[in-house]
Each structure stands twice: as C-alpha cells, then as structure tokens.
Amino acid sequence: DPSGNYGGWKATSIGSNSVAAQSLMKQEYKADAISLDEALKLAIKVLTKTCDSTTLTPDKFDLATVTVVDGKVKYTQLSEAEAQKLLDAFKADSASGDA
-5 DPSGNYGGWK ATSIGSNSVA AQSLMKQEYK ADAISLDEAL KLAIKVLTKT
45 CDSTTLTPDK FDLATVTVVD GKVKYTQLSE AEAQKLLDAF KADSASGDA
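Heads up: the sequence shown begins at -5 in this note's numbering, then just goes up one per residue.
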C-alpha cells in the first residue's frame, strides 16, 4: 500500500498466472479455519486451475509443508506418490461437484 498502511496474509503465489492464483486463494483461503489437509487441497486446486498444462501431474510441481512440532519448525516435502493421491482426490471431488 503506497500510503504506508500494511497488512498480512498467509497465502501467496509467484510466477506466471500468479494473479489468477492470488484471486482464487483470496476467495477460498480461510486463515482461521483451515486444516493442513484443506490447505493442501486448496493448493492442488490452485495449481490445477492456473497451470499452463492441460493435465497436471506430480512431476510438474513440488509440494511441501512447513509446520511447528514440539516448538520446532518442520519442513516436509511431499513425494510424487503423495502428490498423486491429492490430485486423484481433487479429480474425484471435481467429478462429483464438490471442488
């Protein structure tokens, strides 16, 4: 904000199609009421809708989580198999109209 006001937000995107990704996250991201699983589902939804590829596959993106466990920061990178499970679940939800 050029006037010097500031604000915080816990979801962001960079790169091509980042404006579309930001817009989708602003609509669907609920900072106070989102679980890690819901956040991962939202990440897959954003990637699916903004990726320049016709079919999103786990070899085209990396997905990781940063959490605090017992007072320590824990970084976990999801495997391609874990990412594929998320993609499959998103596709199933989309087919049933839930996504």
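We treat Cβ as the ideally placed atom computed from N, Cα and C, and that holds for glycine.
Query raised in the report: Quick one: what does DSSP say THR48 is sitting in, helix, strand or coil?
Result: coil
**Report entry** Residue range of the unbroken beta strand (DSSP E) whose run includes ALA27
**Finding:** Run containing ALA27: none; DSSP gives neither H nor E here.
Query raised in the report: Rounded to a whole number of angstroms, what is the C-alpha to C-alpha distance between SER161 and ALA5?
Result: The structure shown does not extend to residue 161, since the chain is modelled only from -5 through 93, so no value can be given for it.
Query raised in the report: Can you tell me where the alpha helix (DSSP H) with ALA77 in it begins and where it stops?
Result: 74 to 90
Requested in this report: Rounded to whole angstroms, what's the CA-CA distance from GLN78 to GLY91? Just pull it up for me.
Outcome: 20 angstroms
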